[in-house]
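S.K.: Shown below is the structure under consideration.
Protein chains: 2
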Amino acid sequence: MKNLMLKMEYDGTNYHGWQRQENAITVQETLEKALKKITKEEITVIGCSRTDAGVHALGYVCNFHTSSKIPAEKMPYALNSVLPEDIVVYDCREVPRDFHARFWAKGKKYRYRIYNGKYPSAFERNYAYYWPYTLDVECMKEAAKLFIGEHDFRAFMATGSRVKDTVRNVFDLSVEKKGDEIIIEISANGFLYNMVRIIAGTLLYAGVGKIDVERIEYIIKTGDRKEAGITAAPQGLYLVEVYY
Amino acid sequence: MKNLMLKMEYDGTNYHGWQRQENAITVQETLEKALKKITKEEITVIGCSRTDAGVHALGYVCNFHTSSKIPAEKMPYALNSVLPEDIVVYDCREVPRDFHARFWAKGKKYRYRIYNGKYPSAFERNYAYYWPYTLDVECMKEAAKLFIGEHDFRAFMATGSRVKDTVRNVFDLSVEKKGDEIIIEISANGFLYNMVRIIAGTLLYAGVGKIDVERIEYIIKTGDRKEAGITAAPQGLYLVEVYY
Numbered sequence: 006m007k008n009l010m011l012k013m014e015y016d017g018t019n020y021h022g023w024q025r026q027e028n029a030i031t032v033q034e035t036l037e038k039a040l041k042k043i044t045k046e047e048i049t050v051i052g053c054s055r056t057d058a059g060v061h062a063l064g065y066v067c068n069f070h071t072s073s074k075i076p077a078e079k080m081p082y083a084l085n086s087v088l089p090e091d092i093v094v095y096d097c098r099e100v101p102r103d104f105h106a107r108f109w110a111k112g113k114k115y116r117y118r119i120y121n122g123k124y125p126s127a128f129e130r131n132y133a134y135y136w137p138y139t140l141d142v143e144c145m146k147e148a149a150k151l152f153i154g155e156h157d158f159r160a161f162m163a164t165g166s167r168v169k170d171t172v173r174n175v176f177d178l179s180v181e182k183k184g185d186e187i188i189i190e191i192s193a194n195g196f197l198y199n200m201v202r203i204i205a206g207t208l209l210y211a212g213v214g215k216i217d218v219e220r221i222e223y224i225i226k227t228g229d230r231k232e233a234g235i236t237a238a239p240q241g242l243y244l245v246e247v248y249y
Numbered sequence: 006m007k008n009l010m011l012k013m014e015y016d017g018t019n020y021h022g023w024q025r026q027e028n029a030i031t032v033q034e035t036l037e038k039a040l041k042k043i044t045k046e047e048i049t050v051i052g053c054s055r056t057d058a059g060v061h062a063l064g065y066v067c068n069f070h071t072s073s074k075i076p077a078e079k080m081p082y083a084l085n086s087v088l089p090e091d092i093v094v095y096d097c098r099e100v101p102r103d104f105h106a107r108f109w110a111k112g113k114k115y116r117y118r119i120y121n122g123k124y125p126s127a128f129e130r131n132y133a134y135y136w137p138y139t140l141d142v143e144c145m146k147e148a149a150k151l152f153i154g155e156h157d158f159r160a161f162m163a164t165g166s167r168v169k170d171t172v173r174n175v176f177d178l179s180v181e182k183k184g185d186e187i188i189i190e191i192s193a194n195g196f197l198y199n200m201v202r203i204i205a206g207t208l209l210y211a212g213v214g215k216i217d218v219e220r221i222e223y224i225i226k227t228g229d230r231k232e233a234g235i236t237a238a239p240q241g242l243y244l245v246e247v248y249y
């Protein structure tokens, strides 16, 4: 048995997220079916994290154990030949027997894309969140700085989540304007459920003056979800990289 | 009655091209239904040109006559509120009574996008043509120059087309590499059926050495479709601009 790690990108538009579930097509299930086709084995893939329906990945990492004789470097070609076109495997390598894509992850980087044009874009509808209001990007950049560092982020977690330890360390959080697009990038040692989308929504509120920059620290301190901004739509979110 | 001109972009992935037809959803039909919803009139829209299934538009132009009292500048908002998200109207203005989006066009500009990464892209599958082979972009640039000017382009027209006058004036044809992407842009006073896609296919053949650059002039001279390259896939093609 070998332990193989895969790196892949997927367009999440047509999937109910990563994790296998009843009555809905997911990336995990689609990948496991493709693996069965080429290895003839019943393989359970270990993903680096769940992703929500409509969320995309540029550098998703997973691993699985197999007796297949297909060399690791041929695996992307073999898999891509049977996978649908919206999932592309671009790296495969053998990893230590106990490597676990989720438990071994030391952190992750996400991107959140906002389309801020005068009219929505026919091409970005599934790949960015459309925000028609004028944004003060400098304000968003100022607000972003306040999230960096180790904080209790429970104000930025979906209501109903049951995680007990809500302290996370945000390594970096940047906001950049490129034409009509605003790109938020955030890396941290871990993320609470919907944390990136709620931080994106809070930065949007800061950008339109609905939340004062000075208020961010207060919101973090209170831990009150209702004080933070909206949960920005899933189609703007990309898992960019997993750190090991 | 006013004559209104619209400018729009559309993602052609889910449409059988522009022109209304039986048993298939087209952009024209979708737009005419939207116009009916907001004007209550049975409107026939005049498009600047046909586009094939899967082909995209960034600057499609069309016009229609209406008695509607909706001011031209409000028309994009009114239409976008009832159009599906993959069609976006971003300009509307009143034009002379005899303006005709097709007959008045003095020329058009198209873009053809090629994705030349080591693996296909999950995100570009409907928006660029995937070409996995190494391309000599300098060779493609040299080949492109030979198309510029007034030539008989019948070697670059889909077999079976019945157009008699096959002389067109190519104003410009450029090839540019941006990361893993190769972008071809071509402007001309008019285009034969599939002309851009066949020129793109011929440039790809030049890029892999399957057609010598010197041979391009000979192919134009013979007018033989079989001498030219493949018809590159529709999803790489964008109508960028119409000149009036």
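Chains as they are written, first to last, in the numbering used here: chain A, 6 to 249; chain B, 6 to 249.
Cβ coordinates follow ideal geometry from the N, Cα and C atoms, glycine included.
Is any beta-carbon of chain B found at less than 8 angstroms from that of Ser-86 (chain A)?
M.R.: The count along the first sequence starts at 1 and reaches residue 86 (chain A) at position 81. Judged by the 8 angstroms Cβ criterion, Ser-86 (chain A) is not in contact with chain B.
S.K.: Any idea if Lys-45 (chain A) is buried or exposed, counting beta-carbon neighbours within 10 angstroms, 16 or more meaning buried?
M.R.: As a first step, residue 45 (chain A) must be located in the first sequence, where it is residue number 40. Lys-45 (chain A) comes out exposed.
S.K.: Leaving aside the five residues before and after Val-60 (chain A) along the sequence, list all residues of the same chain whose C-beta is less than 6 angstroms from its C-beta, in chain order.
M.R.: Within the first sequence, the letter at position 55 stands for residue 60 (chain A). Taken in chain order, the residues that qualify are Gly-17, Pro-239 and Leu-242.
S.K.: Could you please give the first and the last residue of the uninterrupted alpha helix (DSSP H) stretch that includes Arg-220 (chain B)?
M.R.: As a working note, residue 220 (chain B) is residue 215 in the second sequence. That run of the alpha helix (DSSP H) goes 220-227.
S.K.: Which class does Asn-8 (chain A) belong to by DSSP, given the choice of helix, strand or coil?
M.R.: As a working note, residue 8 (chain A) is residue 3 in the first sequence. Strand.
S.K.: Determine the burial state of His-156 (chain B): buried for a count of at least 16 other Cβ atoms within 10 Å of its Cβ, exposed for fewer.
M.R.: Translated into the one-based positions of the second sequence, residue 156 (chain B) becomes position 151. Flag for His-156 (chain B) reads buried.
S.K.: Find the nearest neighbour of Val-93 (chain B) within the set B:Ala-39, B:Thr-236 and B:Met-145, judged by alpha-carbon distance.
M.R.: Here residue 93 (chain B) corresponds to residue number 88 of the second sequence, with the count starting at 1. The shortest Cα separation from Val-93 (chain B) among B:Ala-39, B:Thr-236 and B:Met-145 belongs to B:Ala-39.
S.K.: On the three-state DSSP scale, how would you describe Leu-63 (chain A)?
M.R.: Numbered from its first residue, the first sequence carries residue 63 (chain A) at position 58. Note: Leu-63 (chain A) maps to strand in three-state DSSP.
S.K.: Which of the three DSSP states is assigned to Asn-174 (chain B) in this structure?
M.R.: Here residue 174 (chain B) is taken as the residue at index 169 of the second sequence, counted from 1. The answer is strand: DSSP assigns Asn-174 (chain B) an E or B state.
S.K.: Suppose contacts are defined by Cβ-Cβ distances below 8 angstroms. Is Asp-91 (chain B) in contact with Ala-127 (chain A) by that definition?
M.R.: Indexing the second sequence from 1 puts residue 91 (chain B) at position 86. Indexing the first sequence from 1 puts residue 127 (chain A) at position 122. The answer is yes: Cβ separation under 8 angstroms.
S.K.: What residue does the beta strand (DSSP E) around Ser-72 (chain B) start on, and which one ends it?
M.R.: As a position in the second sequence, residue 72 (chain B) is number 67, starting the count at 1. No beta strand (DSSP E) contains Ser-72 (chain B), which DSSP labels as neither H nor E.
S.K.: Quick check: the Cα distance between Ala-205 (chain B) and Thr-71 (chain A), rounded to an integer number of angstroms?
M.R.: Working through the second sequence from its first residue, we reach residue 205 (chain B) at position 200. Working through the first sequence from its first residue, we reach residue 71 (chain A) at position 66. Going from the Cα of Ala-205 (chain B) to the Cα of Thr-71 (chain A) covers about 43 angstroms.
S.K.: Step through the CB atoms of chain B and report whether any lies within less than 8 angstroms of the CB of Phe-161 (chain A).
M.R.: Start at 1 with the first residue of the first sequence, and residue 161 (chain A) comes out as number 156. Cβ-Cβ to chain B under 8 angstroms: no for Phe-161 (chain A).
S.K.: Can you have a look at Glu-143 (chain B) and say buried or exposed, based on whether 16 or more other CB atoms are within 10 angstroms of its CB?
M.R.: On the second sequence, residue 143 (chain B) is found 138 positions in, with the first residue counted as 1. It is exposed - the Cβ of Glu-143 (chain B) has fewer than 16 other Cβ atoms within 10 Å.
S.K.: Runs of 4 residues minimum, wholly inside the segment 11-44 of chain A: which ones carry the alpha helix (DSSP H) assignment?
M.R.: Complete alpha helix (DSSP H) runs here, min 4: 32-44.
S.K.: What residues in its chain sit with their C-beta under 7 angstroms from that of Tyr-249 (chain B), if we drop five residues either side in the sequence?
M.R.: Looking up residue 249 (chain B) in the second sequence gives position 244. So the qualifying residues of the chain are Trp-109, Ala-110 and Lys-111.
S.K.: Which first and last residues belong to the alpha helix (DSSP H) in which Cys-144 (chain B) is found?
M.R.: Position 139 of the second sequence, counting from 1, holds the residue named residue 144 (chain B). That run of the alpha helix (DSSP H) goes 142-150.
S.K.: Quick one: measure Cβ to Cβ for Tyr-95 (chain B) and Met-13 (chain B), integer angstroms, because I've assumed they're closer than 8 angstroms.
M.R.: Taking the second sequence and counting its residues from 1, one reaches residue 95 (chain B) at position 90. Taking the second sequence and counting its residues from 1, one reaches residue 13 (chain B) at position 8. Between Met-13 (chain B) and Tyr-95 (chain B) the Cβ distance is about 7 angstroms, and since that is below 8 angstroms, they are a contact.
S.K.: Could you tell me if Gly-165 (chain B) is buried or exposed, where buried requires 16 or more neighbouring beta carbons within 10 angstroms of its beta carbon?
M.R.: Working through the second sequence from its first residue, we reach residue 165 (chain B) at position 160. Gly-165 (chain B) is exposed by the Cβ-count criterion.
S.K.: Are the C-beta of Arg-130 (chain A) and some C-beta of chain B separated by less than 8 angstroms?
M.R.: Counted from its first residue, the first sequence places residue 130 (chain A) at position 125. Yes, Arg-130 (chain A) counts as interfacial toward chain B.
S.K.: Just the chain A side, please: which residues come within less than 8 angstroms of Pro-125 (chain B) by C-beta, in chain order?
M.R.: Mapped onto the second sequence, residue 125 (chain B) falls at position 120. Those are Asn-85, Glu-90 and Val-93, listed as they occur along chain A.
S.K.: With a threshold of 8 angstroms between beta carbons, is Asp-16 (chain B) in contact with chain A?
M.R.: Locating residue 16 (chain B) in the second sequence gives position 11, where the first residue counts as 1. Cβ-Cβ to chain A under 8 angstroms: yes for Asp-16 (chain B).
S.K.: Hey, is the segment 110-125 of chain A in contact with the segment 23-41 of chain A, meaning 3+ C-beta pairs nearer than 8 angstroms?
M.R.: No, the segment 110-125 of chain A does not touch the segment 23-41 of chain A.
S.K.: Out of B:Asp-141, B:Asn-121 and B:Cys-53, point me to the one whose CA is closest to Tyr-132 (chain B)'s CA.
M.R.: In the second sequence, residue 132 (chain B) corresponds to position 127, counting from 1. For the residues B:Asp-141, B:Asn-121 and B:Cys-53, the minimum Cα distance to Tyr-132 (chain B) belongs to B:Asn-121.
S.K.: My assumption, with CB atoms under 8 angstroms, is that Glu-147 (chain A) sits in contact with Val-213 (chain A). Please give the rounded CB distance.
M.R.: As a first step, residue 147 (chain A) must be located in the first sequence, where it is residue number 142. As a first step, residue 213 (chain A) must be located in the first sequence, where it is residue number 208. No, Glu-147 (chain A) and Val-213 (chain A) are not in contact; Cβ-Cβ is about 14 angstroms, not under 8 angstroms.
S.K.: Report all residues from its chain with a CB closer than 6 angstroms to the CB of Met-145 (chain B); omit the five preceding and five following residues, and keep chain order.
M.R.: Counted from its first residue, the second sequence places residue 145 (chain B) at position 140. Excluding residues within five positions, the ones whose Cβ falls inside 6 angstroms are Val-180, Leu-208, Ala-211 and Gly-212.
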